[in-house]
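Undergrad: Going by this note's numbering, the first residue of the sequence shown is number 82, and it counts up by one from there.
All C-beta atoms in this analysis are idealised placements derived from N, C-alpha and C, irrespective of residue type, glycine included.
Because the structure is a prediction, the values reported are computed rather than measured.
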Amino acid sequence: MIERVRGKILEKSPSGRVVIGTPGGVGYAAQAPMSTTLRLPPEGTEAELFTRTVWSERSAELYGFLTRQERDAFDVLVSVNKVGPRLALTVLSSLDPPDLARAVAEQDLHRLSAVKGIGMKTAERILLELKDKASRLADAADERGAPGSAAGGVPSGLLNEASSALQNMGYTRQDAEKALRGIEPPPGATGDAALEHLIRVGLKALGRRL
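1. Looking at the structure shown, is Q112 part of a helix, part of a strand, or coil, going by DSSP?
2. Between the C-alpha atoms of R91 and A110, what's the straight-line distance to the nearest angstrom?
3. Who pairs with Y144 in a beta bridge, going by DSSP?
4. My guess is that G165 and V172 are in contact by the Cβ rule of under 8 Å, so how many angstroms apart are they, rounded?
5. Given this structure, state the Cα-to-Cα distance separating S96 from K212, to the nearest angstrom.
6. From A195 to Q112, what distance separates their C-alpha atoms?
7. Residues in the same chain with beta-carbon distance under 6 Å from V32, minus the five sequence neighbours each way, listed in chain order, please.
8. First and last residue of the alpha helix (DSSP H) that includes L158?
9. Mind checking which residues open and close the alpha helix (DSSP H) that includes L208?
10. Bridge partners of A128, per DSSP?
If you want it as structure tokens, here you go:
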């Protein structure tokens, strides 16, 4: 079982594919949630992923996470009937472990069903089956802190990147731009951290309009 992979980032893409090259010359390809890909450093730099291997009859797929908490939340999600690894990544791309824990603890159907790709029946199943595991999800600490606001506006390039990410998740350009209007990153946040904040707040705004 591969528990973690450390090496140079050879590739990372908006689709969630991350390739880590180890000193021995082996490249490990993993699928990761957006919460991980956005916080990874640039290609060519060193990084570590906490990983989980999921076996099927035809193949073995590697999934990577920046924190143990995300990997733990992934493990809990895939324990739900009819929730596979890709759907678990979709949930974690929109809700970090603390958000997911709160949704489960409060049995917040609206919050969970607002995730793109999660229907009402699937959201109900997740809440029901994870009700007794809310405490385990709650152990995942929110490492990013509470969202804030910054003065000075957001660079257009950053807004374009956030809009493109939302469109890649299936939203229209018009809806993505409307959701991002007026959002600013937390004080001192730059680069991937600012981009991740814009996308997460944009997703929540889109969820409220569903």
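TA: Considering the structure as presented:
1. Walking along the sequence shown from the start, residue 112 turns up at place 31. In this structure, Q112 counts as strand in the three-state DSSP scheme.
2. Along the sequence shown, read from residue 1 onward, the residue named residue 91 stands at position 10. Along the sequence shown, read from residue 1 onward, the residue named residue 110 stands at position 29. According to the sequence as given, residue 91 is Leu; it is not Arg. About 9 Å.
3. Translated into the one-based positions of the sequence shown, residue 144 becomes position 63. Its beta-bridge partners are Q112 and R133.
4. For this step, residue 165 is matched to residue 84 along the sequence shown. For this step, residue 172 is matched to residue 91 along the sequence shown. At roughly 11 Å, the Cβ-Cβ gap does not stay under 8 Å, so G165 and V172 are not in contact.
5. If you number the sequence shown from 1, residue 96 lands on position 15. If you number the sequence shown from 1, residue 212 lands on position 131. Rounded to whole angstroms, S96 to K212 spans 30 Å at the Cα level.
6. Here residue 195 refers to the residue found at position 114 of the sequence shown. Here residue 112 refers to the residue found at position 31 of the sequence shown. Their Cα atoms are separated by approximately 23 Å.
7. This structure leaves residue 32 out entirely; the chain is present only between 82 and 291.
8. Here residue 158 refers to the residue found at position 77 of the sequence shown. That run of the alpha helix (DSSP H) goes R149 to V159.
9. The residue labelled residue 208 in the question sits at position 127 within the sequence shown. Its alpha helix (DSSP H) spans residues M201 to L211.
10. Counting from 1 along the sequence shown, the entry for residue 128 is found at position 47. DSSP, once it has assigned bridges, lists G88 as partnering A128.
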